[in-house]
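Undergrad: The structure is given below, and queries will be raised subsequently.
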Amino acid sequence: MINITLPDGSVRNYEKGISSMDIALSISEGLARNVLAAKVNGEIWDSNRAIQQDSKVQLLTWNDPEGKSTFWHSSAHLLAEAIESLFPDAKFGIGPAIENGFYYDIDFMGKDFSQENFDAVEKKMLELAKQKNEYKRSEVSKADAISYFTKKGDPYKLELIEGLQDGQITFYQQGNFVDLCRGSHIPNTGFIKAAKILNVAGAYWRGNEKNKMLTRIYAITFPKDKELKDYLTLLEEAKKRDHRRLGKELELFTFSEKVGMGLPLWLPKGAILRERLESFMRQAQVKRGYQQVITPHIGSKELYVTSGHYAKYGADSFQPIRTPDVDEEFLLKPMNCPHHCEIYKFKPRSYKELPLRLAEFGTVYRYEQSGELHGLTRVRGFTQDDAHIFCRPEQVKEEFSRVIDLVLYTFGALGFDDYVAQISLRHQTEREKYIGSEETWERAEQDIIEATAEKNLKTVIAYGEAAFYGPKLDFMIKDALGRKWQLGTIQVDYQLPERFKLEYIGADNQKHQPVMIHRAPFGSLERFVAVLIEHCAGNFPLWLSPEQIAVLPISEKYHDYAEKLFGILQENDIKGFVDQRDEKIGRKIRDAEMKKVPFMLVVGEKEQETNSISVRKKGEGDLGSMEISAFVAYFKDLLKKELN
RNA sequence: GCCAAUAUAGCUCAGUGGCAGAGCACUUCCUUGGUAAGGAAGAGGUCAUGAGUUCAAUCCUCAUUAUUGGCUCCA
Numbered sequence: 099m100i101n102i103t104l105p106d107g108s109v110r111n112y113e114k115g116i117s118s119m120d121i122a123l124s125i126s127e128g129l130a131r132n133v134l135a136a137k138v139n140g141e142i143w144d145s146n147r148a149i150q151q152d153s154k155v156q157l158l159t160w161n162d163p164e165g166k167s168t169f170w171h172s173s174a175h176l177l178a179e180a181i182e183s184l185f186p187d188a189k190f191g192i193g194p195a196i197e198n199g200f201y202y203d204i205d206f207m208g209k210d211f212s213q214e215n216f217d218a219v220e221k222k223m224l225e226l227a228k229q230k231n232e233y234k235r236s237e238v239s240k241a242d243a244i245s246y247f248t249k250k251g252d253p254y255k256l257e258l259i260e261g262l263q264d265g266q267i268t269f270y271q272q273g274n275f276v277d278l279c280r281g282s283h284i285p286n287t288g289f290i291k292a293a294k295i296l297n298v299a300g301a302y303w304r305g306n307e308k309n310k311m312l313t314r315i316y317a318i319t320f321p322k323d324k325e326l327k328d329y330l331t332l333l334e335e336a337k338k339r340d341h342r343r344l345g346k347e348l349e350l351f352t353f354s355e356k357v358g359m360g361l362p363l364w365l366p367k368g369a370i371l372r373e374r375l376e377s378f379m380r381q382a383q384v385k386r387g388y389q390q391v392i393t394p395h396i397g398s399k400e401l402y403v404t405s406g407h408y409a410k411y412g413a414d415s416f417q418p419i420r421t422p423d424v425d426e427e428f429l430l431k432p433m434n435c436p437h438h439c440e441i442y443k444f445k446p447r448s449y450k451e452l453p454l455r456l457a458e459f460g461t462v463y464r465y466e467q468s469g470e471l472h473g474l475t476r477v478r479g480f481t482q483d484d485a486h487i488f489c490r491p492e493q494v495k496e497e498f499s500r501v502i503d504l505v506l507y508t509f510g511a512l513g514f515d516d517y518v519a520q521i522s523l524r525h526q527t528e529r530e531k532y533i534g535s536e537e538t539w540e541r542a543e544q545d546i547i548e549a550t551a552e553k554n555l556k557t558v559i560a561y562g563e564a565a566f567y568g569p570k571l572d573f574m575i576k577d578a579l580g581r582k583w584q585l586g587t588i589q590v591d592y593q594l595p596e597r598f599k600l601e602y603i604g605a606d607n608q609k610h611q612p613v614m615i616h617r618a619p620f621g622s623l624e625r626f627v628a629v630l631i632e633h634c635a636g637n638f639p640l641w642l643s644p645e646q647i648a649v650l651p652i653s654e655k656y657h658d659y660a661e662k663l664f665g666i667l668q669e670n671d672i673k674g675f676v677d678q679r680d681e682k683i684g685r686k687i688r689d690a691e692m693k694k695v696p697f698m699l700v701v702g703e704k705e706q707e708t709n710s711i712s713v714r715k716k717g718e719g720d721l722g723s724m725e726i727s728a729f730v731a732y733f734k735d736l737l738k739k740e741l742n
């Protein structure tokens, strides 16, 4: 007999070799019907796998993230089975579960696979699912594994097997389909009741662009048809929050083929929004001891040769601008830091001046790959809320920690609570991508790890994500469709001060080298606005709304009163417009609601007589009438509350 | 940059190898109204660009450009 400990702490006694499915059955039949797999001592196991010793067991159902991912992983096998029966020549790469669904990388050997095939594959999947084929696990020797896939002619699987250790190779079979797979899987295909292929995309084999590009099929499955319908509705809703769509609808920004791809044009309303964010940040920074500076959009090529950016990115950047003078070349600035280094060098610095915090809303230009451009989140010209802190080595941790506070303050003010702080370190093996000594890297990494620990920040560590000159702390946030974007970033840098020969005179009257911290709480205004739009679905907080009020006269007779009212509001720095169209009030209200204007001020005979307005709040309805001065006071009070 | 798809009115999208369509938006007129769409008329397009096939191309073919979904990259 063995002891099985369940998640609630209870211990049950079973015969040696019992499966988690049998454990479920012993608890309740209903539970057993929903068990997809089990977590045995922290490992995910098939529910029919025999347990040989005392273990901690957690039964996994659709409601557990691990249950879902097992379900989707098994679905990937089902997809592959369906594809194989429809495209016998197809060769298979890998097919993992992802956050929402799964994908399978497939080489169709020159055959087309597109939208038109989706239906057939989905149908085939459900047909195979109905057969309730068991997912059968078998341990195979490396030699047998190689011989099987050699016979089958699947080069990708063979390549994968090459990297595996003999004795640790398992196959899974459902129906006629056998796949190399570590597992684990759901009991049988019958659990899969709904399937939808979402899209296809190219993906390099093993993520290496030197390899062949396979067709990646993204799909999702559910144990109930209704859940698929709900998911598709959810996707539709998410699309409505897409900043590219709302940016157009709310007239915030646009792009023009003639101006150039990836070069955003801010429309008047978008510009208001952006300027408000800039002034918010400027104020926050001035309070924290930053000083604004301004530098030009171009810089001599020499500047970037010195900084090391030219060697690293020069070939893949906008190429140098030439002048009539020979050998004179300028670069569109891809970074503000070299300029700021030169500001630092303007005069000899004393340790008493440090930390010196130089801030600039600097517009930079980077030649992003054409396929990478995406709305406002990935562009070729953008403005960073950049600053560089020059400090003494012993001040790094304290300064870093202050910047974390600023980022958290910023996110808090805008209601961003669903972010991940990512500590971006060097790649663990490929060290040649980075400049600088081992010692300074270790010091910088240590400073970041300690500062984040002291802030109790929830962090993840990402190797290989560091900048080439130093480690970073990146604040990642998801857009409406679940894609992750980096917003704020804080980076410790020992290299640039060295390259620019920055120094300060210490208390010991000796020369010392300062450390730089690069930081941008928003990251880029463009990307930040994009994420902000999706975050609030275009329903901006009052202080950011490009149009805060709409004055809606009941009829033409009240246009004068409406204009007078609007004048008073403008004097009080309240932005908006008067809707003088020849439309009924219901129509004007509807249109203002669609434009997401926070307050609608209805004025007619009654209001004109009493020098008042009838206030309607977006999404809430009529608030009743108010005197003009009372509304202004109410409005200002709301603004104050929003900004604490 | 790579793979694939898409490109028709300001927007959202139908459509066809033989005179180019709808809804919304826009203009004008009627209407002067009380909290989410009043009515009528009108204007608006070299069907992304350039070649080719054809008696005839918005439609078929090829190339280019841009966009979309991924991959790779991301100072």
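Read in order, the letters of the first sequence are residues 99 to 742 in the numbering used here.
Built from N, CA and C at the ideal position, the CB exists for glycine as well.
If we ignore side chains and look at the alpha-carbon of each, how far apart do Glu-440 and Thr-313 end up?
TA: Numbered from its first residue, the first sequence carries residue 440 at position 342. Numbered from its first residue, the first sequence carries residue 313 at position 215. Whole-angstrom Cα-Cα distance: 49 Å.
Undergrad: Using the beta-carbon count (16 or more within 10 Å), is Ser-117 buried or exposed?
TA: Here residue 117 is taken as the residue at index 19 of the first sequence, counted from 1. It is buried - the Cβ of Ser-117 has at least 16 other Cβ atoms within 10 Å.
Undergrad: Return the CA-CA distance between Glu-325 and Arg-688, expressed in angstroms with no decimal places.
TA: Mapped onto the first sequence, residue 325 falls at position 227. Mapped onto the first sequence, residue 688 falls at position 590. Roughly 33 Å between the two C-alpha positions.
Undergrad: Thinking just about the alpha-carbon of each residue, which of Asn-434, Leu-504, Ile-683 and Ser-167 is nearest to the one in Gly-387?
TA: The sequence position of residue 387 within the first sequence is 289, counting from 1. Considering only alpha carbons, the answer is Leu-504.
Undergrad: When the distance is taken between beta carbons, is Thr-352 closer than 7 Å to Leu-344?
TA: Locating residue 344 in the first sequence gives position 246, where the first residue counts as 1. Locating residue 352 in the first sequence gives position 254, where the first residue counts as 1. No; because the gap between Cβ atoms is not below 7 Å, this pair is not in contact.
Undergrad: What first and last residue would you give for the alpha helix (DSSP H) that runs through Thr-331?
TA: Along the first sequence, read from residue 1 onward, the residue named residue 331 stands at position 233. Run containing Thr-331: 323-339, per the alpha helix (DSSP H) assignment.
Undergrad: Run through the region 352-422 for me and flag every whole alpha helix (DSSP H) of 4 or more residues, listed as ranges in chain order.
TA: 366-385, 399-405 and 407-411
Undergrad: Can you tell me which of Gln-150, Ser-236, Arg-455 and Tyr-465 puts its alpha carbon nearest to the alpha carbon of Glu-497?
TA: As a position in the first sequence, residue 497 is number 399, starting the count at 1. Looking at the Cα atoms, Arg-455 is the closest of the given residues.
Undergrad: Using the three-state DSSP reduction, which class does Pro-446 fall into: helix, strand or coil?
TA: Here the question's residue 446 lines up with position 348 in the first sequence. Coil, per DSSP.
Undergrad: For the candidate residues Gln-272, Pro-394, Asn-297 and Asp-205, whose alpha-carbon lies nearest to that of Arg-304?
TA: The residue labelled residue 304 in the question sits at position 206 within the first sequence. Nearest of Gln-272, Pro-394, Asn-297 and Asp-205 to Arg-304, Cα basis: Asp-205.
Undergrad: If you drop the 5 nearest sequence neighbours on each side, which residues of the same chain put their C-beta closer than 6 Å to that of Ala-207?
TA: Residue 207 sits at position 109 when you count from the first residue of the first sequence. The residue asked about is misnamed: residue 207 is Met in this sequence, not Ala. Only Asp-187 meet the Cβ criterion.
Undergrad: Can you give the Cα-Cα distance for Pro-651 and Leu-663, rounded to whole angstroms?
TA: Here residue 651 corresponds to residue number 553 of the first sequence, with the count starting at 1. Here residue 663 corresponds to residue number 565 of the first sequence, with the count starting at 1. Those two C-alpha atoms are separated by around 11 Å.
Undergrad: DSSP three-state call for Asp-277: helix, strand or coil?
TA: Position 179 of the first sequence, counting from 1, holds the residue named residue 277. Three-state result, Asp-277: strand.
Undergrad: By Cβ distance, which residues of its chain are closer than 8 Å to Ser-239, with the 5 residues on each side in sequence left out?
TA: Looking up residue 239 in the first sequence gives position 141. Excluding residues within five positions, the ones whose Cβ falls inside 8 Å are Asp-264, Gly-265 and Ile-267.
Undergrad: What's the C-alpha gap between Arg-679 and Thr-331?
TA: Within the first sequence, residue 679 is the residue found at index 581, counting from 1. Within the first sequence, residue 331 is the residue found at index 233, counting from 1. The straight-line gap from Cα to Cα measures roughly 36 Å.
Undergrad: Evaluate Glu-645 with the Cβ neighbour count: other Cβ atoms within 10 Å of its Cβ, from every protein chain shown; 16 or more gives buried, anything less gives exposed.
TA: Position 547 of the first sequence, counted from the first residue, corresponds to residue 645. Glu-645 comes out buried.
Undergrad: Please work out which residues of its chain come closer than 7 Å, Cβ to Cβ, to Ala-683, disregarding the five sequence neighbours upstream and downstream, and give them in chain order.
TA: By one-based count along the first sequence, residue 683 stands at place 585. Looking at the sequence provided, one finds Ile at residue 683 rather than Ala. Here the set comprises Leu-650, Ile-652 and Val-700.
Undergrad: Between which residues of its own chain and Trp-170 is the CB-CB distance below 8 Å, once the five residues before and five after are set aside?
TA: Walking along the first sequence from the start, residue 170 turns up at place 72. Counting only Cβ-Cβ distances below 8 Å, and skipping sequence neighbours, we find Ala-195, Ile-196, Gly-199, Phe-200, Ile-318 and Thr-319.
Undergrad: Assuming contact is defined by CB atoms lying nearer than 7 Å, are Val-109 and Ala-136 in contact in what I supplied?
TA: Locating residue 109 in the first sequence gives position 11, where the first residue counts as 1. Locating residue 136 in the first sequence gives position 38, where the first residue counts as 1. No.
Undergrad: On the CB-based measure, 16 or more other CB atoms within 10 Å of its CB, does Tyr-517 come out buried or exposed?
TA: Position 419 of the first sequence, counted from the start, is the residue given in the question as residue 517. Per the 10 Å Cβ criterion, buried.
Undergrad: List in chain order: all unbroken alpha helix (DSSP H) runs of 4+ residues lying wholly within the region 686-735.
TA: 703-708
Undergrad: Can you give the Cα-Cα distance for Asp-162 and Arg-524, rounded to whole angstroms?
TA: In the first sequence, residue 162 corresponds to position 64, counting from 1. In the first sequence, residue 524 corresponds to position 426, counting from 1. Near 33 Å, if we compare the C-alpha coordinates of Arg-524 and Asp-162.
Undergrad: Classify Met-99 as buried or exposed, calling it buried when 16 or more other Cβ atoms lie within 10 Å of its own Cβ.
TA: Numbered from its first residue, the first sequence carries residue 99 at position 1. That one is exposed.
Undergrad: To the nearest angstrom, report how far apart Leu-226 and Asp-328 are at their CA atoms.
TA: Within the first sequence, residue 226 is the residue found at index 128, counting from 1. Within the first sequence, residue 328 is the residue found at index 230, counting from 1. Cα to Cα, Leu-226 sits roughly 23 Å from Asp-328.
Undergrad: Would you tell me roughly how many angstroms separate the C-alpha atoms of Glu-703 and Asn-742, rounded to the nearest one?
TA: Numbered from its first residue, the first sequence carries residue 703 at position 605. Numbered from its first residue, the first sequence carries residue 742 at position 644. Approximately 37 Å, taken between the alpha carbons.
Undergrad: For the candidate residues Gly-288, Gln-271, Lys-291 and Ala-292, whose alpha-carbon lies nearest to that of Ser-282?
TA: Sequence index remark: in the first sequence, residue 282 carries index 184 (1-based). That would be Gln-271, whose Cα lies nearest to the Cα of Ser-282.
Undergrad: Below 6 Å CB to CB, which residues in the same chain sit around Ala-122 once its five sequence neighbours on both sides are set aside?
TA: Here residue 122 refers to the residue found at position 24 of the first sequence. Answer for Ala-122: Leu-129, Ala-130, Val-133 and Leu-157, listed in chain order.
Undergrad: Return the CA-CA distance between Val-276 and Glu-335, expressed in angstroms with no decimal places.
TA: Numbered from its first residue, the first sequence carries residue 276 at position 178. Numbered from its first residue, the first sequence carries residue 335 at position 237. Rounded to the nearest angstrom, the two C-alpha atoms are 38 Å apart.
Undergrad: Do Val-590 and Ala-542 have their beta-carbon atoms positioned less than 7 Å apart in this structure?
TA: Reading the first sequence from its first residue, position 444 is the one you call residue 542. Reading the first sequence from its first residue, position 492 is the one you call residue 590. It is a contact, given that the beta carbons lie within the stated cut-off.
Undergrad: I'd like the span of the alpha helix (DSSP H) that includes Ala-301, first residue to last.
TA: Position 203 of the first sequence, counted from the first residue, corresponds to residue 301. Secondary structure note for Ala-301: it is in no alpha helix (DSSP H), and the uninterrupted beta strand (DSSP E) holding it is 292-302.
Undergrad: What do you get for Phe-190, buried or exposed, if any count of 16 or more other CB atoms within 10 angstroms of its CB means buried?
TA: Counting from one through the first sequence, the residue named residue 190 turns up at place 92. Phe-190 should be labelled buried.
Undergrad: Based on DSSP bridge pairs, tell me the residues matched to Glu-624.
TA: What you label residue 624 is simply residue 526 of the first sequence in a count that begins at 1. Paired residue(s): none; Glu-624 is not in a bridge.
Undergrad: DSSP state of Ser-522, grouped into three classes?
TA: As a first step, residue 522 is located in the first sequence; it is residue number 424 there, counting from the start. Three-state result, Ser-522: strand.
Undergrad: Excluding sequence positions up to five away, which residues of its chain have a Cβ less than 7 Å from the Cβ of Arg-685?
TA: Locating residue 685 in the first sequence gives position 587, where the first residue counts as 1. The answer is none, since no qualifying residue turns up.
Undergrad: Fully enclosed by the region 104-148, which alpha helix (DSSP H) runs are 4 residues long or longer?
TA: As far as the region 104-148 is concerned, its whole alpha helix (DSSP H) runs of at least 4 residues are 118-125 and 127-132.
Undergrad: Buried or exposed: Gln-229, going by 16 or more other Cβ atoms within 10 Å of its Cβ?
TA: As a working note, residue 229 is residue 131 in the first sequence. Gln-229 should be labelled exposed.
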